[in-house]
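Visitor:
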Amino acid sequence: MSLHYIGKPVLRIDGLDKVTGRAAYTVDINLPGLLHGAVLRSPMAHARIRDIDVSQATHMPGVRAVITGHDVPYTFGGIIKDQPFLAAERIRYAGEPVVAIAAETELQAQNALCCVRVTYEELPAVFDPREALAANAPLLHPKLENYVRNKTYEIIPGTNVCTVRTYSFGDVERGFAEADEIIEDEYYIHAVAHTPMETHAAVAQYFAAKSEFTVWSSTDRPYRMAKEMADAFGVSTNQVRFISMYGGGGFGGKGSLVAEAIAACLARFTKGRPVRVVYSREEEITATQTRHATFFKLKTGVQRDGTFTAWKADIVVDNGAYASWGPDVAARGILTVFGPYRIPNLELLSRLVYTNKQIAGAYRGFGSTQATWACEAHMDVIAAKLGIDPFELRMKNAYVDGDCYINGQMMSRVGLKQTLTSAAQKIGWGQPKPAPNGSKVRGKGIGVTIKPTKTPTASYCFIRVNLDGTVSLLSGAPEIGAGEKTVLAQIAAETIGVPLSVISVPNPDTHYTPYDTAVASSRTTYHMGNAVRMAGLEVRQKILYLAAKALKTDAEKLNLLEGKILDASGSELITLQALLAKALGPMGGSILGEGYYSAEGSPLLASLPGLEGLSSIFWMFATHIAEVEVDVETGVVKVVKVVASHDVGRVINPVSCEQQIEGAVIMGLSNTLFEEFKMEKGRIVNGSLADYKIATIMDLPEIDSMMVESIHEEGPYGAKGVGEPAAAPTAPAIANAIYDAIGVRLNELPITPEKILAALRAKQSNG
Amino acid sequence: MSTSIDFVVNGERQQLQVEPHETLVEVLRERLNLTGTKEGCGVGDCGTCIVLLDGQVVNSCLVLAVDINGREVTTIEGLVGADGLHPLQESFLNKGAFQCGFCTPAMIMSAKGLLDEDPAADEEEIKRALSGVLCRCGSYKKIVEAVKMAREMMRIPQ
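Heads up: the sequence lines are chains U and R, in that order. For the first sequence, this note's numbering gives the first residue as 56, with consecutive numbering after it. For the second sequence, this note's numbering gives the first residue as 2, with consecutive numbering after it.
(1) Note down, in chain order, each residue of its chain lying with its Cβ closer than 7 Å to the Cβ of U:Leu195, except the 5 sequence neighbours on either side.
(2) Less than 8 Å between CB atoms is the rule here; does R:Gly114 satisfy it with respect to chain U?
(3) Can you pull the chain U residues whose beta carbon is under 8 Å from the beta carbon of R:Asp46, in chain order?
(4) Kindly indicate if chain R contains any beta-carbon less than 8 Å away from that of U:Met753.
(5) Give the straight-line distance between the Cα atoms of U:Phe288 and U:Ala602, rounded to the nearest whole angstrom.
(6) Which bits of chain U does R:Leu94 rub up against, with CB to CB less than 9 Å?
(7) How long is the line joining the alpha carbons of R:Ser61 and U:Val706, rounded to whole angstroms?
(8) May I ask you to check if the CB of U:Pro805 is nearer than 7 Å to at least one heavy atom of the ligand MG?
(9) Provide the residue(s) that pair with U:Gly675 in DSSP beta bridges, ordered along the chain.
(10) Tell me whether the beta-carbon of U:Thr218 lies closer than 8 Å to the beta-carbon of U:Tyr208.
(11) What is the residue span of the beta strand (DSSP E) that U:Arg296 lies within?
(12) So U:Ser711 is in the alpha helix (DSSP H); what residue range does that whole segment cover?
(13) From R:Asp55 to R:Ile144, what does the alpha carbon distance come to, in whole angstroms?
(14) Suppose you measure from the CA of U:Asn791 to the CA of R:Lys142; what does that come to, to the nearest Å?
(15) For U:Leu663, which residues in the same chain have their Cβ closer than 8 Å to its Cβ, ignoring the five residues on either side in sequence?
(16) Chain U partners of R:Lys142, CB-CB under 7 Å?
(17) U:Gly304 touches chain R at which residues, Cβ-Cβ below 7 Å?
(18) Looking at the strands, I want to know which residues DSSP matches up with U:Lys495.
(19) Please name the residue or residues paired with U:His701 in a DSSP beta bridge.
(20) Which residues bound the beta strand (DSSP E) around U:Ala142?
(21) Assess contact between the region 675 to 684 of chain U and the region 500 to 508 of chain U, defined as three or more Cβ pairs (one per stretch) separated by less than 8 Å. Is contact present?
(22) Per DSSP, what are the beta-bridge partners of U:Asp245 in this structure?
(23) Given a cut-off of 8 Å on the beta-carbon distance, is the pair U:Ala348 and U:Val392 in contact?
(24) Would you call the region 8 to 22 of chain R in contact with the region 58 to 75 of chain R, where contact means no fewer than 3 C-beta pairs closer than 8 Å?
(25) Alpha helix (DSSP H) containing U:Lys440: first to last residue?
(26) Name the chain U residues that come within less than 8 Å of R:Cys50, Cβ to Cβ?
(27) With C-beta atoms as the reference, is U:Ser700 less than 8 Å away from U:Thr474?
(28) Starting from U:Gly375, trace the beta strand (DSSP E) in both directions and tell me its first and last residue.
(29) Measure how close the beta-carbons of U:Val74 and R:Thr105 come, nearest whole angstrom, since I'm counting them as under 8 Å.
(30) Give the interface partners of R:Val81 over in chain B, defined as CB-CB distance under 8 Å, in chain order.
(31) If distances are taken between C-alpha atoms only, which option among U:Asp609, U:Val384, U:Ile789 and U:Ile546 comes closest to U:Ser725?
(32) Give me the Cβ distance between U:Met284 and U:Ala319, rounded to the nearest whole Å; I'm assuming they're in contact under 8 Å.
(33) Is there a C-beta anywhere in chain R that falls below 8 Å from the one on U:Met722?
(34) Return the bridge partner residues of R:Gln16 from the DSSP annotation.
(35) Check whether the region 227 to 240 of chain U touches the region 524 to 534 of chain U, counting contact only when three or more Cβ pairs, one atom from each stretch, lie closer than 8 Å.
(36) Go through the region 733 to 780 of chain U residue by residue and report every complete run of the beta strand (DSSP E) that reaches 3 residues or more, in order.
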């Protein structure tokens, strides 16, 4: 089968919109009567609200609505409904919304906020999740057990533990008894801000007579947000319409109700006028969501030849003030802490703990980034202890086809070793190090990752072939920047047999486009791609039948290629456009197809009894090898080069894959070396891009992205995914390279010049 | 206390009454509906609001509207000419030098400011000129390639 669009570096179909400035984001929405919303936030991390006085604010110029938690007495949350739209009784983090105001201009809304008086009674706060586990720690949610929640996630009532997950396989104590060496260590990965260039924003309008909300948003999951909002307000899904705009960066952070929650609440009080809420950069950094900071205690048993006998992990995940997607991060995402390695006996305890801090939510990798950090830093500790090359230790234990994941799911199409060998070859692993350049010393380090996709999930789409042979692809998957529209259009063009140029992919609108779980979990190419392929096959069949009827032949003898009906010899019989004009006649019409994909029931998910929930319909693997230059006088680390080799299944668009990989390397580097929240009494004090530093173009290392194509059995044309795993292995690769360069190991992120210098001093004084 | 300003945006004359606190990015986005220019921070840190003011690269969130009287502004919307896309738009498209696209107009305008002044800018100069715009998608590698490609395209005599 020769492919026309799959695997080709076609130009992105959102490209013209984006290079001309025409692409419309939520912040660009303007509507007749548009009002502007602003939020008063708590300066305290933990407090009781004694009184809120809005009397003066209500009378300020231009003000149309002033609301408090008493006006919107609802809670929301995708897993645990623990989060109020506006705090009414209790504050749980500094930055929590307390009062929202809608006014004719943004400035008027801001001015009115200054007139609101809130009286707080400060409560003792807890910021470290390990301290929050103590029996006498301040409790954030004393009535945790009363919340409406998904009961697959276990809580511990009367504590700050929002989710507890235990897991064991084999006999870990026997495994330790069989070990030649037992290695114990602790690792910490910090919270970071998603920092999309488009801050969180939403526009909402409310039609009171029908209790209908319309919300314009750049969320990655319009259907689930609509449902969450409908559940909170007690209306039907049909009464909450989410219209997707181009997403100006999300990285997981736009997968929860944030600005949408404020805008929708305000809209209920503005007599039908739409309200736009655009978060300031300070709000974006301090009052949206973060990556989960996580503490790991790892204990492994190994034999002298590098064979694992046991692995035990004790994990404490910092959730911040409200659950958001944390329970799933702590219960499922974090499970890859055992890496892509054969471990006969293992045991895990993971606890997700509330603290008085900004909410932690979905962040690119969904727990696997944290797990990868600990696992891969630990792998190098083990390698050093055993005197085995870090590359060889990984090669020895890496999953291959036929190995089983920790729940017994059999792995197939595992391209992990190819990612290791291709990356090692490309960077020249094992070659002698260059001599130090003055105070600058070089080193190389490896990081490997394994990433599941949330399973099972569902994607649906419609394909409509128009009378002129053009095609509309209606899917519920928004374009968050990762190139979804292009990849889906490529699959549609290939499957139907039409030119890519005739396909348009409008932004999702929950009123028209069918359901999709989310553009998350690296799932879209695989899941929506399969749905598109199914819908594409249906319209292709219908077209061929129409052609057979019109041409008085059998459909089996015809082919549709590049918008032309061909006979068995490949000669053109009629164009698609001419066929449709002829077949559908002057009445007009369209050809419709529908597609659906979920992994539910796939034989690939078979596992040990009762553990199917941990299976993944596909597994992604990657190896990053970083080369760094450490200045031992200043402690500054420069990442010189990163080779990133990814097992993505079939490459649908090599440029899109490169974009994801190169971008994730930059993000990983930035998270690891530059980013950190600075707090005073729970308040983030570096809420600007001047103080919360992210990588610029000046930090760009040489990046070689490589793709290993282990063709998946059920993926569309064999594709898997790439978006999340690309961000995970960069951090340990950098840390391991620093160890290779200067012989000090940094187990706590971020890696700063101060920590490097302190570690060097400690190493010297220890002789 | 509003002030009249008379200025040119993308070749068209504009006359507006503006308040003392209004910024150029607000005028462009809210008054003239030129929403291709973005505002990512409002304090000059992120660079997504970059436009050309009399040919110079500026953060339009840091320019007061009253200060643009008599001056000429070019935004991303002004780049498409009668004969199609600007070479930088072509090269960003061809190299895939964008992902979410939010910083793309500013990246292109920064690059235009550079290449108009120094048509032979080398890689280091390109990086330095674009270092005022943040891209969280991390498209930097392809952005550098795109600017180099546009540099070559712009060298070809018309």
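Yeah, the Cβ is synthetic: ideal placement off N, Cα and C, and Gly gets one too.
Guide: In this structure, then:
(1) Excluding five sequence positions before and after U:Leu195, the CB atoms of its chain that fall closer than 7 Å to its own CB belong to Arg147, Asn215, Ala376, Tyr409 and Asn411, given in chain order.
(2) no
(3) Near R:Asp46 (Cβ distances below 8 Å), the residues of chain U are Arg336, Ser743, Leu744 and Ala745.
(4) yes
(5) 50 Å
(6) Leu66, Arg67, Gly70, Leu71, Lys73 and Val74
(7) 40 Å
(8) For the structure depicted, the ligand MG is absent and the ligand set is empty, with no information on it obtainable.
(9) At residue 675 of chain U the sequence reads Met, which differs from the Gly that was named. According to DSSP, which records beta bridges pairwise, U:Met675 is partnered with U:Lys506.
(10) A contact, by the Cβ cut-off of 8 Å.
(11) Val295 to Ser299
(12) Pro709 to Leu728
(13) 24 Å
(14) 24 Å
(15) Asn462 and Gly463
(16) Glu717, Leu755 and Ile758
(17) Cys101, Phe103, Arg137 and Cys138
(18) U:Asn492 and U:Asp686
(19) U:Ala677 and U:Met762, per the DSSP bridge assignment.
(20) That residue, U:Ala142, is in no beta strand (DSSP E); it is neither H nor E in DSSP.
(21) yes
(22) The question names Asp, yet the displayed sequence has His at residue 245 of chain U. Beta-bridge analysis with DSSP links U:His245 to no other residue.
(23) no
(24) yes
(25) Ser423 to Leu441
(26) The premise fails here: R:Cys50 is roughly 11 Å from chain U at the closest Cβ pair, so nothing lies under 8 Å.
(27) yes
(28) Phe363 to Gly375
(29) 6 Å
(30) Reference to chain B is not applicable here, since the protein chains of this structure are U and R.
(31) Minimum Cα distance to U:Ser725 is reached at U:Ile789.
(32) 6 Å
(33) yes
(34) Under DSSP, R:Gln16 forms a beta bridge with R:Asp7.
(35) no
(36) 757 to 763
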